[in-house]
Amino acid sequence: MPVRDYQINIVQNALFNNTLVSITTGLGKTLTAAVIMFNFYMWFPEGKIVFMAPTRPLVAQQQSACYKITGIPI
1 MPVRDYQINI VQNALFNNTL VSITTGLGKT LTAAVIMFNF YMWFPEGKIV
51 FMAPTRPLVA QQQSACYKIT GIPI
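Next up, the structure:
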């Protein structure tokens with residue numbers, strides 16, 4: 001999966017600051033969210049990660065995508 005410079009910048013910023021990511025469809029929001037969640041999972045393996053979305057199907061879609069990208073257990 002190709003990683004773009006702006007995605008790296010978003011991840012680096014989000015790991016250390018409160019961040020709201022608003023980018024167009026298809027530019028990698030799921031990838032950046034998965035990488036950020038994976039880092040927090042590695043730092044705090046007993047912690048909880050909360051991912052919010054407006055519908056249950058969208059949450060399920062994101063869970064599946066994040067698992068495929070990083071292997072984070074659901």
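Per the UniProt record's numbering, the sequence shown starts with residue 1, numbered consecutively.
Note that beta-carbon positions come from the ideal geometry of N, C-alpha and C, so glycine has one too.
* Asked: With 16 other CB atoms within 10 Å as the buried threshold, where does residue 31 fall?
  -> buried
DSSP on residue 21, reduced to helix/strand/coil?
coil
Item to check | Buried or exposed (CB count within 10 angstroms, at least 16 for buried), residue 35 | outcome: buried
> For residue 52, which three-state DSSP category applies?
Replying inline: coil
Nearest by alpha-carbon distance to residue 47: which of 54, 53, 38 is it? 38
* Consult DSSP for residue 45 and reduce its assignment to one of helix, strand or coil. => coil
Burial state of residue 11, where buried means 16 or more other Cβ atoms lie within 10 Å = buried
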